[in-house]
Amino acid sequence: LRRLAFKMIHLTTIILPAWREMLQGMGMTVHLMPHDVPTWWNSSADMVEFALEYHEPINIMTQKRDLGLRNLELSDEEWSTEGASCSSEGILKDATMFFSRASPNLATVIPAMDH
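Heads up: the sequence shown runs through residues -20 to -1, 1 to 95, numbered per mature numbering (1 follows the signal peptide of the UniProt record, and there is no 0).
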C-alpha cells in the first residue's frame, strides 16, 4: 500500500488522472490515498483505513496493465490481513486521540489504562 500511495502522489500525469476518472465513473468521492510517513502519528492507520474503504477502485487500478501497477496488486489474503490490522490500529488510534486531547488528567487516564 505504501508504494501504491507513493506512485499515486508522484505520477501525476499517468496514474492520478486515471484514479480521478475511475472514481468519478464509480460515483465515489475523489480523494488521494494518504501515505504512511514515519514522523506522522497514525498515518499507517489512516492509509489502511482509506485502502479498505476504496478497496474496489484500488483493485481495479492495480489490474490495469497500462498503468504499470500489477506488481502492487494485493491478494485476498493480504486484504484480509489489512482488515485485521485496521481494527487493531483503530483501537490504538482511538486511545491515542483520547490521551492526546486538550485536557487529559490522571482521573481519566488511569481508569482507561486498566481496560
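Beta carbons: idealized from backbone N, C-alpha and C, even for Gly.
Residue i versus residue j - alpha carbon distance
{"i": "residue -8", "j": "residue 1", "result": "13 Å"}
{"i": "residue 39", "j": "residue 14", "result": "16 Å"}
{"i": "residue 18", "j": "residue 51", "result": "24 Å"}
{"i": "residue -10", "j": "residue 57", "result": "28 Å"}
For residue i, three-class secondary structure by DSSP
{"i": "residue 15", "result": "coil"}
{"i": "residue 7", "result": "coil"}
{"i": "residue 48", "result": "coil"}
{"i": "residue 97", "result": "The question about residue 97 has no answer, for the chain in this structure spans -20 to 95."}
{"i": "residue -6", "result": "helix"}
{"i": "residue 80", "result": "coil"}
{"i": "residue 59", "result": "helix"}
Assumed close pair residue i, residue j - CB separation to whole angstroms, cut-off 8 Å
{"i": "residue -2", "j": "residue 76", "result": "Not confirmed; about 29 Å, so no contact."}
{"i": "residue 42", "j": "residue 53", "result": "4 Å"}
{"i": "residue -19", "j": "residue 16", "result": "5 Å"}
{"i": "residue 47", "j": "residue -6", "result": "6 Å"}
Cβ-based neighbour list, residue i, same chain, cut-off 8 Å, excluding 5 preceding and 5 following
{"i": "residue 37", "result": "-2, 2, 3, 6, 8"}
Where the alpha helix (DSSP H) through residue i begins and ends
{"i": "residue 24", "result": "23 to 33"}
{"i": "residue -12", "result": "-19 to -11"}
Own chain residues within Cβ distance below 6 Å of residue i, not counting five before or after
{"i": "residue 23", "result": "16, 17"}
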